[in-house]
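J.: Take the sequence shown: its letter number 81 is residue 81 in the numbering used here, and every next letter is one higher.
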Amino acid sequence: MARICIIDDDGMMRSLLRDELEDWGHEVLEAGNGSAGLALVIGTSPDLVIADVNMPKLNGLQLRAMLQEQSPQLAERPFIFLSGFSDDDDIEDALDTGADYFLTKPVDLDQLVGCVDELLAEMTSII
1 MARICIIDDD
11 GMMRSLLRDE
21 LEDWGHEVLE
31 AGNGSAGLAL
41 VIGTSPDLVI
51 ADVNMPKLNG
61 LQLRAMLQEQ
71 SPQLAERPFI
81 FLSGFSDDDD
91 IEDALDTGAD
101 YFLTKPVDLD
111 QLVGCVDELL
121 AEMTSII
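Here is the structure:
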């Protein structure tokens, strides 16, 4: 179906998300920190990006800003932030970057799949 990039420093979280998204037929690419994630997104042009907010080497907000700076066209792709923090300011800061969704950990997999399906459907209807 779609190529999805998961960027999260928690290997168990990446594995959980990968397994769920692959079960739905998606191709999943993974990176364990923001710096590697930025290179992966730029190098592979995924259809959708899922990224943790708090990561080493480049946090999710920095990753999003650098993606917008280095590849504005890729920055237009659907983007979902994940975080263990759910403070209103954290959510607002993340969504102010142009992200489509902010989901809190532990992630409700049904909610995540619903968001992914919705964003991919919107993307398809634009093309």
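Cβ coordinates follow ideal geometry from the N, Cα and C atoms, glycine included.
1. So what does Ala51 bridge to, in DSSP terms?
2. Could you spell out the range, first to last residue, of the beta strand (DSSP E) harbouring Thr104?
3. Whole angstroms are fine: how far does the CA of Phe81 sit from the CA of Ala99?
4. Considering just the uninterrupted stretch of the beta strand (DSSP E) at Leu29, what are its terminal residues?
5. Under 8 Å between the Cβ atoms of Gly25 and Asp9?
6. How many whole angstroms separate the CB atoms of Asp47 and Arg18, which I take to be in contact at a CB cut-off of 8 Å?
7. Tell me which residue opens and which closes the alpha helix (DSSP H) that Leu58 is part of.
8. Rank Asp52, Leu29, Leu67 and Glu118 by C-alpha distance to the C-alpha of Leu103 and give the top, closest one.
9. To the nearest angstrom, how far is the alpha carbon of Val107 from that of Glu122?
10. Short check: CB of Leu113 to CB of Glu20, under 8 Å?
11. By the three-class DSSP mapping on this structure, what secondary structure does Glu76 have?
12. At a threshold of 7 Å, does Ile42 count as lining the ligand FAD (C-beta to nearest heavy atom)?
13. Rounded to the nearest angstrom, what separates Gln68 and Leu74 at their Cα positions?
T.: Looking at the atomic coordinates:
1. Ile7 and Phe81
2. Tyr101 to Thr104
3. 7 Å
4. Glu27 to Ala31
5. no
6. About 15 Å separates the two Cβ atoms, so there is no contact after all.
7. Leu58 -> no alpha helix (DSSP H), and no H or E assigned at all.
8. Asp52
9. 22 Å
10. The amino acid at residue 113 is misidentified as Leu; the sequence shows Val. Contact: yes.
11. coil
12. Looking at this structure, you won't find the ligand FAD or any other ligand, since it has none at all.
13. 8 Å
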